[in-house]
Structures are given as C-alpha cells and as structure tokens.
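Chemist:
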Amino acid sequence: MPPRNIISLLTVSEVADQCRVDPKTVRNWIYAGELPALKLGGRWRIDESVFRRWLSAREFHPYLPRVSAA
50 MPPRNIISLL TVSEVADQCR VDPKTVRNWI YAGELPALKL GGRWRIDESV
100 FRRWLSAREF HPYLPRVSAA
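Each residue of the sequence shown is one higher than the one before, starting from 50 at the first, in the working numbering.
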C-alpha cells in the first residue's frame, strides 16, 4: 500500500505567532485573499506547505526586527 500524503494544517493563532502579528491580521489576510486557507468546522486552517511558500513569496521575515528608514 503506498504511503498517504499527510497535510499539516496550522491554526490562525499558529500563523500569527510565527509572523508575530495579531490573529485578526491573519484573518484579514485570509478575507482579502492574500493567504490561502480552508474553513473546517467553522475554523480557518492554513496548509503548512502553502504557508511556507506564501512567506517566501512575500519575502516576509517574521524573525527579523523591522528597521525604520533613517
């Protein structure tokens, strides 16, 4: 029997923690169509591999402090 593909799903809170933003910001990204997500059981879920590609495409680096232009 071939192995099944297992999809890892993240919650809005998990994505918010990784991006260091409020969960409301993540939901706004979802509502705006910027971040692909699924609604399962009334809750938003984000495919982890899609999230990683989304981060790379945005060149968003949540672990680096923002630097203001001087």
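The C-beta atom is built at its ideal place from N, Cα and C for all residues, glycine as well.
With a cut-off of 8 Å on the beta carbons, I'd call valine 75 and leucine 84 a contact; round off their distance for me.
Modeler: Position 26 of the sequence shown, counted from the start, is the residue given in the question as residue 75. Position 35 of the sequence shown, counted from the start, is the residue given in the question as residue 84. So it is a contact: roughly 7 Å between Cβ atoms.
Chemist: Comparing alpha-carbon positions, which option in Ser105, Val61 and Arg102 lies nearest asparagine 77?
Modeler: Counting from 1 along the sequence shown, the entry for residue 77 is found at position 28. When each option's Cα is compared against that of asparagine 77, the closest is Val61.
Chemist: Within 10 Å of its beta-carbon, does isoleucine 95 have 16 or more other beta-carbons around it, so buried, or fewer, so exposed?
Modeler: Here residue 95 is taken as the residue at index 46 of the sequence shown, counted from 1. Classification for isoleucine 95: buried.
Chemist: Just to confirm my understanding: we take leucine 113, look at its own chain, exclude 5 residues before and 5 after, and list those with CB closer than 8 Å. What are they?
Modeler: The residue labelled residue 113 in the question sits at position 64 within the sequence shown. Residue confidence for leucine 113 is low, a pLDDT of 48 falling below 50, so the modelled location carries little weight; the figure read from the coordinates is stated next. Counting only Cβ-Cβ distances below 8 Å, and skipping sequence neighbours, we find nothing.
Chemist: Any idea what DSSP makes of aspartate 96, helix, strand or coil?
Modeler: For the purposes of this step, residue 96 is taken as the residue at position 47 of the sequence shown. Reduced to three states, the DSSP call for aspartate 96 is strand.
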